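Printed below as a string of structure tokens:
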């Protein structure tokens, strides 16, 4: 029996989950109607006024178990749909919680410490 462990294999490269830079954010107040499903009820709120954030990034947001979120001041906006590889549509179902002048950051949901600061601030919509 030998006590020579030999050479260890190098560790496999780790996937990178860095968030891209935000190039632009367009914000507007829209009337939301939840999708109608035949066999189950949606967990999304019933229709009403919501704030839509159209976010453009300089690269795709990597796919992973945690989804992307917008942190608007102290409010986390987690409902998101990919429009294309660098454009994302976030919906805030509680517009009254959004503070005028609050900074808007991109982060991973449930992980505010991963926030990627942007130069954008939320302005009250009418």
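Residue numbers (our numbering): 5 to 130. In this text, a Cβ means the ideal position worked out from N, Cα and C, and glycines have one as well. Note that the structure is predicted; figures quoted are calculated from it, not measured.
Rounded C-alpha distance that separates residue i from residue j
i, j, result
"residue 57", "residue 15", "40 Å"
"residue 88", "residue 11", "45 Å"
"residue 27", "residue 63", "10 Å"
"residue 122", "residue 110", "7 Å"
"residue 36", "residue 21", "31 Å"
"residue 106", "residue 126", "5 Å"
"residue 170", "residue 13", "A question about residue 170 goes unanswered here, because the residues of the chain that appear run from 5 up to 130."
"residue 86", "residue 112", "15 Å"
"residue 104", "residue 115", "23 Å"
"residue 101", "residue 90", "27 Å"
"residue 59", "residue 92", "5 Å"
"residue 54", "residue 99", "6 Å"
"residue 82", "residue 94", "7 Å"
Beta bridge counterpart(s) of residue i as assigned by DSSP
i, result
"residue 75", "80 and 109"
"residue 94", "57 and 84"
"residue 29", "59"
"residue 34", "54"
"residue 123", "Beta-bridge pairing links residue 123 to no other residue."
Status (buried if at least 16 other CB within 10 Å, exposed otherwise) for residue i
i, result
"residue 96", "buried"
"residue 70", "exposed"
Rounded Cβ spacing between residue i and residue j (contact assumed at less than 8 Å)
i, j, result
"residue 118", "residue 33", "That pair is no contact at about 28 Å."
Examine the Cβ distances between the region 63 to 82 and the region 39 to 47 and report whether three or more of them are shorter than 8 Å. no
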